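Please read the structure below before turning to the comments.
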Amino acid sequence: MAQQAVDVSDKIKLELYRLLCKTRMTEERIIALYRQGQIAGGVYTSRGVEATTVGAAYALEAQDYLFPIHRDLGAHLAKGQSVLNIFLQYLGKGNSLTKGKESGLHASDTSLNIIGNISHLGAMIPVAVGAGLGKAMQGEKVVALNFIGEGGSNIGDFHEGLNFAAVQNAPFVLVIENNQYAYSTPYHTGNRCEKLSDRAIGYGISGYQIDGTDVLAVYSVVKEAIERARNGGGPTLIECISMRMIGHSAHDDASYVDKDLLKSWQQKDPIANLEKKLLKANLVTKKQIDKIIKDLEKEIEDAVHEALAGPPPNPQLAYGGIYAE
Numbered sequence: 006m007a008q009q010a011v012d013v014s015d016k017i018k019l020e021l022y023r024l025l026c027k028t029r030m031t032e033e034r035i036i037a038l039y040r041q042g043q044i045a046g047g048v049y050t051s052r053g054v055e056a057t058t059v060g061a062a063y064a065l066e067a068q069d070y071l072f073p074i075h076r077d078l079g080a081h082l083a084k085g086q087s088v089l090n091i092f093l094q095y096l097g098k099g100n101s102l103t104k105g106k107e108s109g110l111h112a113s114d115t116s117l118n119i120i121g122n123i124s125h126l127g128a129m130i131p132v133a134v135g136a137g138l139g140k141a142m143q144g145e146k147v148v149a150l151n152f153i154g155e156g157g158s159n160i161g162d163f164h165e166g167l168n169f170a171a172v173q174n175a176p177f178v179l180v181i182e183n184n185q186y187a188y189s190t191p192y193h194t195g196n197r198c199e200k201l202s203d204r205a206i207g208y209g210i211s212g213y214q215i216d217g218t219d220v221l222a223v224y225s226v227v228k229e230a231i232e233r234a235r236n237g238g239g240p241t242l243i244e245c246i247s248m249r250m251i252g253h254s255a256h257d258d259a260s261y262v263d264k265d266l267l268k269s270w271q272q273k274d275p276i277a278n279l280e281k282k283l284l285k286a287n288l289v290t291k292k293q294i295d296k297i298i299k300d301l302e303k304e305i306e307d308a309v310h311e312a313l314a315g316p317p318p319n320p321q322l323a324y325g326g327i328y329a330e
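Note that the working numbering has the sequence shown beginning at 6, numbered continuously upward.
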């Protein structure tokens, strides 16, 4: 597996830790609201995969495009999205990003250059490639970062989009979240190749397989790929290996996953392991960690309180924002 490609400052390490905690704590609160009947629709969370989404998205600059998928809350937060907007969206409020038309992370925020996912995962890859290529043709140094699961990497759009990106030398980075299961389908039953990153060879681009539970490695390798793309070096395919430690969605008990497998992956928990590294390096104290958690708890609870009091969707706006003017 590829190791860290660039140095990560102490300041960034601490911010990545805070974002990992913020992601998990926000998702836990979302699940609680779902079980209380406050949230309709699906809830897809990222426990065990947070380091991939947070680390990769944090490597982007403000002008870059983020194309996340349905369980990439960490990417939204790392790109600057507020916790309040996340809860408003999940609760389907009239002042949410989609004005109550959609739930979950099916939302875009053009002020942050976040483009919401298409339910047919993989179909957004050509769109993301086009976004980056379009900016390059306009003379702007903008990179598009897209996520896809290992299951979604098997559809035609993945190959067509990646080939087009390679041929056009587009400023594009594609991150595969290989979390072992495409819903209930284990990796080995849907893929014969040992490494999905080897697919990059067929398109003549750079490809890396990295530890998707190590947020520092993810940030470092993705940062290098983004800057290479920004300076004309073309696209990169990065496969992040992790384990989805929770069901496909909040209503899925993941009974199809071997319990011993989950137990072994628990030792690679991205938050616990980064916390150990920070404490060992004396970059943070236990007291400071407790304060980070306490501050996040307040931020999240304040956001939940405000979001619950938000207005219901306005029926008169049901047909707005569907077609471009």
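Built from N, CA and C at the ideal position, the CB exists for glycine as well. For clarity, every value in this text was computed on a predicted model and none was experimentally measured.
Task: C-alpha distance - residue 252 paired with residue 278, whole-angstrom precision - done: 22 Å
Open item on the list: Cutting at 6 Å between CB atoms, please list the residues of its own chain near residue 110, excluding the five before and the five after it.
Closed with: The beta carbon of residue 110 is closer than 6 Å to those of 75 in its chain, skipping five residues each way along the sequence.
Task: Presumed contact (8 Å Cβ cut-off) between residue 225 and residue 13, rounded CB distance - done: 6 Å
Open item on the list: As a quick exercise: from 52, 241, 234, 245, pick the residue whose alpha carbon is nearest that of residue 207.
Closed with: 241
- [ ] Kindly give me the distance between the Cβ atoms of residue 205 and residue 212, rounded to whole angstroms, as I take these residues to be in contact under 8 Å.
- [x] About 3 Å separates the two Cβ atoms, so the contact holds.
Task: Cβ pair residue 71, residue 122 closer than 8 Å - done: Not a contact, by the Cβ cut-off of 8 Å.
Task: Closest Cα partner of residue 249 within the set 77, 18, 138, 158 - done: 77
TODO: Put residue 20 into one of helix, strand or coil per three-state DSSP.
DONE: Reduced to three states, the DSSP call for residue 20 is helix.
- [ ] Please confirm whether residue 130 and residue 179 have their CB atoms less than 8 Å apart.
- [x] yes
TODO: Ignoring anything shorter than 3 residues or poking outside the stretch 216-274, list the beta strand (DSSP E) runs there in chain order.
DONE: 241-246
TODO: Go through its chain and collect everything with a Cβ distance to residue 19's Cβ below 8 Å, but skip five positions before and after it.
DONE: Hits under 8 Å: 283, 288, 289.
Open item on the list: So, for residue 23: in the same chain, excluding its five sequence neighbours on each side, which residues have a beta-carbon less than 6 Å away from its beta-carbon?
Closed with: 297
TODO: Give a yes or no on whether the C-beta atoms belonging to residue 220 and residue 25 are separated by under 8 Å.
DONE: Closer than 8 Å, so yes.
Open item on the list: Is it the case that the stretch 50-64 contacts the stretch 87-106, given that we only count it when at least three CB pairs across the two stretches are under 8 Å?
Closed with: Touching, no.
TODO: For the stretch 130-149 and the stretch 162-181, state whether three or more C-beta atom pairs, one from each stretch, are separated by less than 8 Å.
DONE: As far as the Cβ criterion goes, the stretch 130-149 touches the stretch 162-181, which means the pair count is three or higher.
TODO: Please say whether residue 244 and residue 202 have beta carbons closer to each other than 8 Å?
DONE: The Cβ-Cβ distance between residue 202 and residue 244 falls below 8 Å.
Task: With 16 other Cβ atoms within 10 Å as the buried cut-off, status of residue 63 - done: buried
- [ ] Express the C-alpha separation of residue 295 and residue 167 in angstroms, rounding to a whole number.
- [x] 43 Å
Open item on the list: Can you list, in chain order, the residues of its chain with a C-beta nearer than 8 Å to that of residue 318? Leave out the 5 residues immediately preceding and following it.
Closed with: 97, 98, 99, 104, 105, 106
Task: Assumed close pair residue 94, residue 108 - CB separation to whole angstroms, cut-off 8 Å - done: About 7 Å separates the Cβ atoms of residue 94 and residue 108, confirming a contact at the 8 Å cut-off.
- [ ] Would you mind listing the beta strand (DSSP E) stretches within the stretch 35-104 that are 3+ residues and don't spill past its ends, in chain order?
- [x] Correct list: 70-72.
Task: Alpha-carbon spacing of residue 371 relative to residue 322, whole angstroms - done: This structure cannot settle anything about residue 371, because the visible part of the chain is limited to 6 through 330.
Task: Burial state of residue 81 (16 or more Cβ within 10 Å) - done: Buried is the label assigned to residue 81, since at least 16 other Cβ atoms lie within 10 Å of its Cβ.
Task: Length of the line joining the Cα atoms of residue 40 and residue 31 - done: 14 Å
Task: DSSP three-state assignment for residue 211, whether helix, strand or coil - done: strand
Task: C-beta contact flag for residue 155 and residue 187 at 8 Å - done: Contact flag set, yes.
Task: Classification of residue 42 by the beta-carbon crowding that lies within 10 angstroms, buried from 16 upward - done: exposed
- [ ] Rounded to whole angstroms, what's the CA-CA distance from residue 101 to residue 307? Just pull it up for me.
- [x] So the alpha carbons of these two residues sit roughly 16 Å apart.
Task: DSSP three-state assignment for residue 186, whether helix, strand or coil - done: DSSP places residue 186 within a strand segment (E or B) once states are collapsed to three.
- [ ] Please list the segments of the alpha helix (DSSP H) lying wholly inside the stretch 146-186, counting only runs of 4 or more residues, in order along the chain.
- [x] 161-173
TODO: Can you grab the Cα-Cα spacing for the pair residue 113 / residue 145, in whole Å?
DONE: 22 Å
Task: Rounded C-alpha distance that separates residue 164 from residue 158 - done: 8 Å
TODO: Determine the closest residue to residue 233 out of 147, 269, 273, with distance taken between C-alpha atoms.
DONE: 147
Open item on the list: Mapping the DSSP letters down to three states, classify residue 191 as helix, strand or coil.
Closed with: strand
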